[in-house]
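Just below is one structure, and these are the notes that go with it.
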Amino acid sequence: MPEDNLRIVLASRPDGRPKPENFRLEHVAVPAPSEGEVLLAIRYLSLDPYMRGRISAAKSYAASTEIGEVMTGGTVGEVVESRHPDFKPGDFALSHSGWQSHAVAAGSALRKLDPKAAPLTTALGVLGMPGFTAYAGLLTIGQPKPGETVVVAAASGPVGSAVGQIARIKGARAVGIAGGPEKCAYVRENFGFDAVIDHRDPDLAAKLAAACPNGIDVYFENVGGHVWDAVFPLFNMFARIPVCGLVAQYNASGDFPGPDRLPVLMRQVLSKSLMIRGFIQREFAEAQAPTFRREMAGWIAEGSVKYKEDIVEGLPNAPEAFIGLLEGRNFGKLVVKL
Ligand SMILES: NC(=O)c1ccc[n+]([C@@H]2O[C@H](COP(=O)([O-])OP(=O)(O)OC[C@H]3O[C@@H](n4cnc5c(N)ncnc54)[C@H](OP(=O)(O)O)[C@@H]3O)[C@@H](O)[C@H]2O)c1
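Sequential numbering of the sequence shown, starting at 12, is according to the numbering used here.
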């Protein structure tokens with residue numbers, strides 16, 4: 012039985028960009044499982060942009076993490092003690108145990124993972140929540156058709172890379188937007204996007220227009236900000252815009268700078284019959300997750316979907332890695348190995 016549970020709690024709420032002092036490392040006793048529960052030793056922790064919303068006090072689709080509470084997060088754990096009939100020590104399971112080395116979880120809330128079927132980390136990325144977000148958002152809302160143009164930013168990350176590759180499987184052209192030449196080259200060469208534009212390029216708008224000579228039919232919105240400004244003039248009639256994330260503004264505090272562009276947006280929505288639809292992936296989980304896991308595993312096996320992971324070693328490095336994620340310092344699905 013391990014003696015020490017290492018965990019990271021929210022020490023204070025950030026104003027703007029999070030800082031290391033907003034997080035606190037603690038050592039506490041390892042909890043004991045009750046009937047129906049298991050004790051997990053966490054092997055991998057997923058770091059995701061949504062965590063920025065959780066550490067804010069602003070009302071959102073999920074409750075905020077309280078000060079002093081363990082940071083939330085998806086995890087892969089190894090069972091070290093079981094009081095549930097479906098699990099034995101040595102089994103691996105997907106859980107939502109947060110930023111800590113050990114956790115007790117109800118056996119009924121866990122999904123068992125087979126490390127021989129796929130690397131365990133993929134349950135947090137391409138075969139997990141981010142991959143599912145891309146799949147459900149693109150296919151249900153975006154509905155790409157053969158020959159159409161699909162644009163997605165944060166294209167080297169787990170959501171964006173899957174969006175572009177699924178778009179190509181469906182016969183569409185995939186145009187990615189990413190930060191810096193290294194990420195852009197990777198997205199083109201390894202994920203097979205048809206074109207990739209660097210959003211730090213001062214000519215972003217002109218280069219994006221040149222990369223989309225037939226306009227944009229689907230824009231999978233991951234970032235907002237100046238990328239949206241470049242995309243917005245290029246929409247075709249009946250373009251679909253799944254609004255998945257707005258990472259460029261997660262660290263913003265106070266009012267957004269003017270001018271108010273809502274009237275211009277509404278005129279385009281009307282005159283081009285645009286469909287803008289926000290979503291949180293879990294809306295589609297019950298109906299689509301099993302099909303997603305089967306289809307995505309098949310695409311990975313046949314080589315039509317590839318993925319990239321960015322593995323950081325050690326729980327104490329999680330805060331710095333998370334701060335970097337919001338600024339594009341990750342390169343691929345960000346995972347902490349404990
Ligand atoms: N709706 C849902 O249910 C749901 C579920 C999962 C994820 N999401 C959203 O999906 C998006 C992508 O998530 P992910 O896990 O795949 O993250 P990710 O791509 O691994 O990381 C976020 C990326 O955003 C880019 N970025 C940050 N600031 C930017 C800015 N100012 N302008 C342009 N790009 C910027 C950076 O890439 P570059 O270096 O390329 O700029 C960074 O690497 C996020 O907005 C996330 O919140 C939504």
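Note that beta-carbon positions come from the ideal geometry of N, C-alpha and C, so glycine has one too.
Item: Between the CA atoms of N225 and G109 - distance to the nearest angstrom; Value: 44 Å
Item: Secondary structure, alpha helix (DSSP H): runs of 4+ residues fully inside the segment 278 to 316; Value: 293 to 313
Item: beta-carbon H107 near ligand 1 non-hydrogen atom, thresh 8 Å; Value: no
Item: Bridge partners - Q111, DSSP secondary structure assignment; Value: R18
Item: E338 Cβ short of 8 Å to ligand 1 heavy atom set; Value: yes
Item: CB contact flag (L281, L245, <9 Å); Value: no
Item: 9 Å Cβ cutoff met for R2 and G153; Value: The shown model of the chain, from 12 to 349, leaves out residue 2, and the question about it has no answer.
Item: Proximity test, E290 beta-carbon vs ligand 1 heavy atom, cut-off 8 Å; Value: As written in the sequence, residue 290 is Phe, which differs from the Glu given in the question. True, at least one ligand heavy atom lies under 8 Å from that Cβ.
Item: A189 CB to nearest heavy atom of ligand 1 below 8 Å; Value: yes
Item: Start and end residues, beta strand (DSSP E) containing I208; Value: 206 to 209
Item: Cut-off 8 Å between Cβ atoms - residues of its own chain near G158, not counting five sequence neighbours on either side; Value: G182, A183, R184
Item: At least three beta-carbon pairs within less than 8 Å, the segment 309 to 320 to the segment 161 to 181; Value: yes
Item: Cα-Cα separation between P25 and E80, rounded to whole angstroms; Value: 15 Å
Item: Which residues DSSP lists as bridging T86, in chain order; Value: L56, S106
Item: Beta-bridge partners of R122, as assigned by DSSP; Value: L105
Item: Where S119 falls, given that 16 or more other Cβ within 10 Å makes a residue buried; Value: exposed
Item: Distance cut-off 8 Å: S167 Cβ against heavy atoms of ligand 1; Value: yes
Item: CB contact flag (L17, H38, <9 Å); Value: yes
Item: Beta-carbon separation (whole angstroms), V90 vs D102, contact threshold 8 Å; Value: 4 Å
Item: Nearest to Q279 (by Cα), restricted to the options N247, F290, E232; Value: N247
Item: Cα-Cα separation, L121 to L105; Value: 6 Å
Item: Chain-order list of residues whose beta-carbon lies under 6 Å from that of F333 (same chain, five-residue window excluded); Value: L58
Item: Cβ-heavy atom distance, P60 to ligand 1, below 8 Å; Value: yes
Item: Inter-residue spacing [alpha-carbon to alpha-carbon] between D321 and T133; Value: 12 Å
Item: Nearest candidate by alpha-carbon position, reference G168, set F342, A300, L349, G187; Value: F342
Item: Short Cβ contact (9 Å threshold) for I227 with V161; Value: yes
Item: Spatial neighbours of G148 in its chain, beta-carbon cut-off 6 Å, leaving aside the 5 residues before and after; Value: P253, C255, F290
Item: Uninterrupted alpha helix (DSSP H) stretches inside the segment 317 to 344 (no shorter than 4 residues); Value: 329 to 336
Item: For R184: DSSP bridge partner residues; Value: T160
Item: Cα-Cα separation, I208 to A312; Value: 28 Å
Item: Cβ pair A73, R63 closer than 9 Å; Value: no
Item: Whether R54 touches K344 by CB criterion (9 Å); Value: no
Item: Any alpha helix (DSSP H) of 4 or more consecutive residues that is wholly inside the segment 227 to 257; Value: 236 to 242
Item: V258 beta carbon near ligand 1 (any heavy atom closer than 8 Å); Value: yes
Item: Y230 to R288 span [Cα, whole Å]; Value: 11 Å
Item: Residue from G335, R340, E338, A308 whose Cα sits closest to the Cα of K127; Value: A308
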